[in-house]
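Reading through the structure tokens given below for one structure.
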Amino acid sequence: MPTERLRRLGRGIRTALGSRLARRQVRLVLIVALGVGWLLSALQIAVDYRAYRDSLTTQLDQLVTTTLSTAAAAAWQLDGQLARVVCEGLTAHPAIDGCVLRLPGPLSLGETRVEPATTWLPLSDGLFGGRQRRELPLRHEGPKAIGRLALDLNPASAVNDFSRRVLTHLLTGTLRALVLALVLFAVFHVLTLRPITRLSRFLSDADPGAAGVELTRPARHRHDDEIRSLETATLGLMQTVSRQMADLKAAKRDLEHTNRHLEDRIRARTRELEQAMRVMRDRAYTDPLTGLANRRAFFEAAADYLARWRRDGEAFAVVLADLDEFKAINDRLGHDLGDRALQAVADGWRRTCRQDDCIARFGGEEFIGLFRVDDRDQAREVAERLRREVAALRLEDLPWSLTVSLGVALVGPGDEAIDGLVTRADQALYRAKRGGRNRVEDDAAG
Amino acid sequence: MRAKLRLLACLLCLGLSGPAPADPAPPIHVRFVNPGFAAEGFWRGVSDTMRAAADQLGIRLEISHADRQWPRMRANARAAIDAAERPDYLILVNEHRQAADLVAAADARGIPTLLLLSTLTPAQEARVGRPGRELPHWLGSLTPDNARAGREMATALFAAARELAPERDRLTLITLAGDAATPASTRRLAGLDQALATAPDIEEVRRLTVDWSREKAYRRIDAWLRTGRRFDAVWAANDPIALGAMAAAEAHGLVPGRDFAVVGMNWSAAALTHLRDGTLVMTHGGHFLAGAWAMVLLHDLHHGIPAIAGSRHLRFPMAGLTAPVPPRLRALLADRDWSRLDFRAFSRHHHPERTGYDFSLPALLAALDEESGHAD
Numbered sequence: 001m002p003t004e005r006l007r008r009l010g011r012g013i014r015t016a017l018g019s020r021l022a023r024r025q026v027r028l029v030l031i032v033a034l035g036v037g038w039l040l041s042a043l044q045i046a047v048d049y050r051a052y053r054d055s056l057t058t059q060l061d062q063l064v065t066t067t068l069s070t071a072a073a074a075a076w077q078l079d080g081q082l083a084r085v086v087c088e089g090l091t092a093h094p095a096i097d098g099c100v101l102r103l104p105g106p107l108s109l110g111e112t113r114v115e116p117a118t119t120w121l122p123l124s125d126g127l128f129g130g131r132q133r134r135e136l137p138l139r140h141e142g143p144k145a146i147g148r149l150a151l152d153l154n155p156a157s158a159v160n161d162f163s164r165r166v167l168t169h170l171l172t173g174t175l176r177a178l179v180l181a182l183v184l185f186a187v188f189h190v191l192t193l194r195p196i197t198r199l200s201r202f203l204s205d206a207d208p209g210a211a212g213v214e215l216t217r218p219a220r221h222r223h224d225d226e227i228r229s230l231e232t233a234t235l236g237l238m239q240t241v242s243r244q245m246a247d248l249k250a251a252k253r254d255l256e257h258t259n260r261h262l263e264d265r266i267r268a269r270t271r272e273l274e275q276a277m278r279v280m281r282d283r284a285y286t287d288p289l290t291g292l293a294n295r296r297a298f299f300e301a302a303a304d305y306l307a308r309w310r311r312d313g314e315a316f317a318v319v320l321a322d323l324d325e326f327k328a329i330n331d332r333l334g335h336d337l338g339d340r341a342l343q344a345v346a347d348g349w350r351r352t353c354r355q356d357d358c359i360a361r362f363g364g365e366e367f368i369g370l371f372r373v374d375d376r377d378q379a380r381e382v383a384e385r386l387r388r389e390v391a392a393l394r395l396e397d398l399p400w401s402l403t404v405s406l407g408v409a410l411v412g413p414g415d416e417a418i419d420g421l422v423t424r425a426d427q428a429l430y431r432a433k434r435g436g437r438n439r440v441e442d443d444a445a446g
Numbered sequence: 001m002r003a004k005l006r007l008l009a010c011l012l013c014l015g016l017s018g019p020a021p022a023d024p025a026p027p028i029h030v031r032f033v034n035p036g037f038a039a040e041g042f043w044r045g046v047s048d049t050m051r052a053a054a055d056q057l058g059i060r061l062e063i064s065h066a067d068r069q070w071p072r073m074r075a076n077a078r079a080a081i082d083a084a085e086r087p088d089y090l091i092l093v094n095e096h097r098q099a100a101d102l103v104a105a106a107d108a109r110g111i112p113t114l115l116l117l118s119t120l121t122p123a124q125e126a127r128v129g130r131p132g133r134e135l136p137h138w139l140g141s142l143t144p145d146n147a148r149a150g151r152e153m154a155t156a157l158f159a160a161a162r163e164l165a166p167e168r169d170r171l172t173l174i175t176l177a178g179d180a181a182t183p184a185s186t187r188r189l190a191g192l193d194q195a196l197a198t199a200p201d202i203e204e205v206r207r208l209t210v211d212w213s214r215e216k217a218y219r220r221i222d223a224w225l226r227t228g229r230r231f232d233a234v235w236a237a238n239d240p241i242a243l244g245a246m247a248a249a250e251a252h253g254l255v256p257g258r259d260f261a262v263v264g265m266n267w268s269a270a271a272l273t274h275l276r277d278g279t280l281v282m283t284h285g286g287h288f289l290a291g292a293w294a295m296v297l298l299h300d301l302h303h304g305i306p307a308i309a310g311s312r313h314l315r316f317p318m319a320g321l322t323a324p325v326p327p328r329l330r331a332l333l334a335d336r337d338w339s340r341l342d343f344r345a346f347s348r349h350h351h352p353e354r355t356g357y358d359f360s361l362p363a364l365l366a367a368l369d370e371e372s373g374h375a376d
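Taken in order, these protein sequences are the chains called A and B. Using the UniProt record's numbering, read the first sequence as starting at 1 and increasing by one per residue. Using the UniProt record's numbering, read the second sequence as starting at 1 and increasing by one per residue.
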């Protein structure tokens with residue numbers, strides 16, 4: 001659990017440092033803080049140097065002043081031991097590395113020298129007055145000097161001391177700048193960057209079309225700052241956009257719905273129209289009583305047969321049929337039975353009709369057919385089958401057998417129009433009628 | 001046990017000493033707390049003369065030595081005061097001003113006490129009390145006349161220096177003081193100052209304090225001479241100091257007695273030799289005889305002589321020896337057999353016709369004469 005938290009913290013820090021704004025801010029703060037920190041450190045060092053130098057001077061002056069009377073006593077008393085003690089006391093000070101108490105003439109009464117301190121600070125020779133020798137006259141109850149106290153001043157240890165202070169100043173100044181930059185960065189991150197990042201992520205992730213756009217609430221202490229206002233404004237904008245998009249979508253849906261409805265109705269009407277047209281066409285090409293093709297249908301089909309005969313050589317025959325004694329039926333037995341007889345013949349022939357054959361009511365009790373045949377015999381055979389079928393019919397309320405006479409005309413090379421064929425078939429029929437009815441005659445005899 | 005040993009030592013001393021006790025009466029019992037060494041120096045002389053006189057005067061004497069360490073002296077004094085056997089008399093020294101409360105303690109124990117050679121300072125006396133008054137058992141003190149000694153030394157020195165350089169009207173003096181604190185030293189310097197006041201031709205260029213040390217005296221004089229300066233006279237607080245100064249001067253090619261004059265103090269054997277050589281002007285002294293004088297005084301007191309009826313603080317004179325020293329005295333100072341002096345000659349008990357004491361050099365020589373006559 002803690003490692004997870006640590007990992008999350010690390011990720012957070014990486015993210016935070018990844019921010020360009022944060023990097024820019026850290027850089028700027030560091031430069032300014034370091035600059036100002038070092039400037040202040042330099043000032044501090046300068047002030048320190050003066051104070052330290054003055055204090056060192058005062059210290060030495062005090063030491064020398066307090067020692068001078070003892071040194072004078074030693075010189076007056078010619079006391080070498082006391083002189084050595086005085087010198088030892090003086091050289092115990094870190095800034096004094098040599099002391100000689102001289103009497104008039106070449107005689108040194110007491111002398112002490114210590115290992116001179118060295119400094120590690122380069123170019124520090126002039127600091128604190130540098131190395132120097134101070135000679136002090138010793139007096140006893142009068143203006144005449146009875147001896148001299150010579151001191152070798154060496155500020156090396158003071159320089160070292162001061163250098164350590166300088167280093168400390170610089171280090172603490174730098175550290176202060178770093179801490180300041182870090183703290184400012186953290187504050188900036190928490191107060192500004194994180195909310196902005198959150199807002200921008202929200203904006204890039206938000207789907208204005210989705211219902212109920214909602215932004216998670218900010219921390220409780222942040223309820224009035226500018227970023228929160230920005231968030232609120234953004235949220236309001238998003239909600240407005242979302243609402244308007246919803247309206248737009250509803251309008252579009254309505255339009256689509258309307259369009260679809262219109263198409264259906266058009267389609268239905270078209271279908272109805274087609275139906276009506278088909279019915280009308282059927283009515284135009286069909287005999288209403290028998291349901292067979294009518295005269296117009298026959299002639300249109302005949303044109304096709306004729307065109308194919310001329311193009312491919314496919315032969316065909318025109319068969320004209322006329323019910324025998326039909327007038328008698330109408331007149332004696334009523335039109336109703338006549339109609340029924342016509343219907344029965346038509347039904348029979350329609351049942352046995354081949355696909356390529358066409359049988360139409362030609363008018364009254366006349367029927368006409370188009371049949372694909374190879375030769376005249378085949379044509380007669382077709383006509384014969386039609387005659388037999390009629391002869392086989394048994395019609396209720398009809399006291400005699402129904403018969404039919406048929407004339408056949410086979411298409412020939414001279415046939416340019418259907419009319420010739422029909423005429424030849426009619427002539428053949430006439431012969432059949434005359435020949436005794438219920439028989440088949442063709443155009444060969446003519 | 002310790003008391004028995006001391007008694008044995010005393011008996012041995014008695015056996016070794018010459019004359020037998022004169023008085024048949026039970027011996028007077030005296031304890032002396034000596035601050036110095038038993039085997040050498042000034043304080044040995046004090047003990048030795050005291051013992052010689054005690055032997056002649058029938059005094060049983062116990063001496064403790066502190067080897068110049070004042071805490072040890074205090075401990076010895078305490079032991080002497082608190083011992084079960086109370087002495088008839090106690091002798092103390094105000095060495096390093098350490099005797100004030102000891103005097104008071106002895107008084108509290110009812111032991112008659114005499115201060116020898118250095119007495120309480122006025123401040124100390126004001127604190128613990130005066131002899132015969134606030135402290136009834138404190139007898140008083142017997143001290144040498146140091147001021148007179150210092151003055152006599154200076155006078156002799158100045159005269160000798162003037163003789164060495166009669167053509168000069170200004171002479172330089174270097175004073176080598178023992179210390180700046182003990183009364184004996186300051187009194188002698190006071191005597192010197194008295195003499196200087198009457199000698200306008202003498203310029204004291206330095207007053208150096210050398211802690212009674214020959215070595216230090218040598219170094220100071222050496223330092224002075226190495227600065228290229230000279231002097232005409234050296235007033236030394238004692239003989240070792242004088243000898244140190246002379247040695248230093250000789251190292252710089254100066255001859256004492258020719259180039260400059262020196263005086264010392266102590267009657268030391270070496271000083272007597274230099275007197276005879278003419279390199280030393282005078283050695284003052286004789287104060288080690290204070291031990292013997294104290295015995296004379298206590299002996300007389302014990303026998304009812306009103307020795308301290310006048311002043312409680314008695315002074316005895318010291319004597320400056322110059323060349324030529326009487327041969328008898330030189331012999332005595334050489335062998336230091338003090339028993340050759342007849343100390344009864346100084347006793348008022350033995351000479352009831354006297355009204356005071358005469359411890360002067362002539363009297364000393366007289367006492368020696370008689371004894372020497374016997375001995376010779």
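Where a beta carbon is used, it is the ideal one built from N, C-alpha and C, also for glycine.
- Residues of the same chain with a CB within less than 7 Å of the CB of residue 400/A, apart from the 5 flanking positions on each side, do not exist.
- Between the alpha carbons of residue 156/B and residue 119/B lies a distance of about 28 Å.
- Under the Cβ criterion of 7 Å, residue 59/A is not counted among the residues facing chain B.
- Shown here, residue 113/B sits in a strand according to DSSP, grouped into three states.
- The stretch 157 to 168 of chain B and the stretch 126 to 142 of chain B do not touch, with fewer than three beta-carbon pairs separated by less than 8 Å.
- One finds 206, 208, 219, 220, 221, 222, 223, 224 and 227 in chain B with Cβ atoms closer than 9 Å to the Cβ of residue 78/A, taken in chain order.
- Between the stretch 81 to 92 of chain A and the stretch 28 to 47 of chain A there are fewer than three C-beta pairs closer than 8 Å, too few to call the two in contact.
- Residue state for residue 30/B is assigned as strand, using DSSP reduced to three classes.
- A straight-line Cα-Cα distance of about 11 Å links residue 349/A and residue 382/A.
- Contact between residue 262/B and residue 248/B does not hold, since the beta-carbon distance rounds to 11 Å and is not under 8 Å.
- Taking a contact to require three or more Cβ pairs closer than 8 Å, the stretch 328 to 340 of chain A and the stretch 266 to 282 of chain A do not qualify as touching.
- Taking 7 Å as the cut-off, the beta carbon of residue 402/A is found closer than this to the beta carbon of residue 390/A.
- Listed in chain order, the non-local C-beta contacts of residue 364/B below 8 Å within the same chain comprise 286, 289, 319, 329 and 341, local neighbours out to five positions each way being set aside.
- Residue 105/A reaches chain B at 226, 227 and 228, counting residues in chain order whose Cβ is nearer than 8 Å.
- Residue 394/A and residue 324/A have their C-alpha atoms some 15 Å from each other.
- Under the 8 Å Cβ criterion, the stretch 59 to 69 of chain B counts as touching the stretch 32 to 47 of chain B, having at least three qualifying pairs.
- Residue 361/A places its beta carbon 7 Å or farther from that of residue 316/A.
- In the three-state reduction of the DSSP assignment, residue 357/B falls in the coil class, being assigned neither a helical nor a strand state.
- Checking the DSSP bridge columns, you'll see residue 172/B partnered with 203/B.
- In the three-state reduction of the DSSP assignment, residue 159/A falls in the helix class.
- Rounded to the nearest whole angstrom, the C-alpha separation of residue 149/B and residue 62/B is 30 Å.
- With a threshold of 16 other beta carbon atoms within 10 Å, residue 233/A falls short and is exposed.
- Identification of chain B residues near residue 109/A by a Cβ-Cβ cut-off of 7 Å yields 223, ordered along the chain.
- Burial of residue 408/A is indicated by the presence of at least 16 other C-beta atoms within 10 angstroms of its C-beta.
- Nearest Cα to residue 158/A within the set 35/A, 183/A and 94/A: 94/A.
- Inclusion of residue 115/B and residue 92/B in the CB contact set at 7 Å is warranted, their separation being smaller than that value.
- Using a Cβ distance threshold of 7 Å, residue 53/A and residue 128/A count as a contacting pair.
- The beta carbons of residue 269/B and residue 178/B sit about 20 Å from each other, so the pair does not count as a contact at 8 Å.
- Closest in C-alpha terms to residue 322/B, from the list 158/B, 284/B and 291/B, comes 284/B.
- A direct Cα-to-Cα measurement between residue 283/A and residue 245/A gives close to 57 Å.
- The Cβ atoms of residue 295/B and residue 53/B lie closer than 7 Å to each other.
- Taking all protein chains in view, the Cβ of residue 229/A is surrounded by fewer than 16 other Cβ atoms within 10 Å, so the residue is classified as exposed.
- C-alpha of residue 130/A to C-alpha of residue 123/A: approximately 11 Å in a straight line.
- Within the same chain, Cβ atoms closer than 8 Å to the Cβ of residue 205/B are found at 172, 173, 174, 229 and 231, the five residues on either side in sequence being excluded.
- Residue state for residue 260/B is assigned as strand, using DSSP reduced to three classes.
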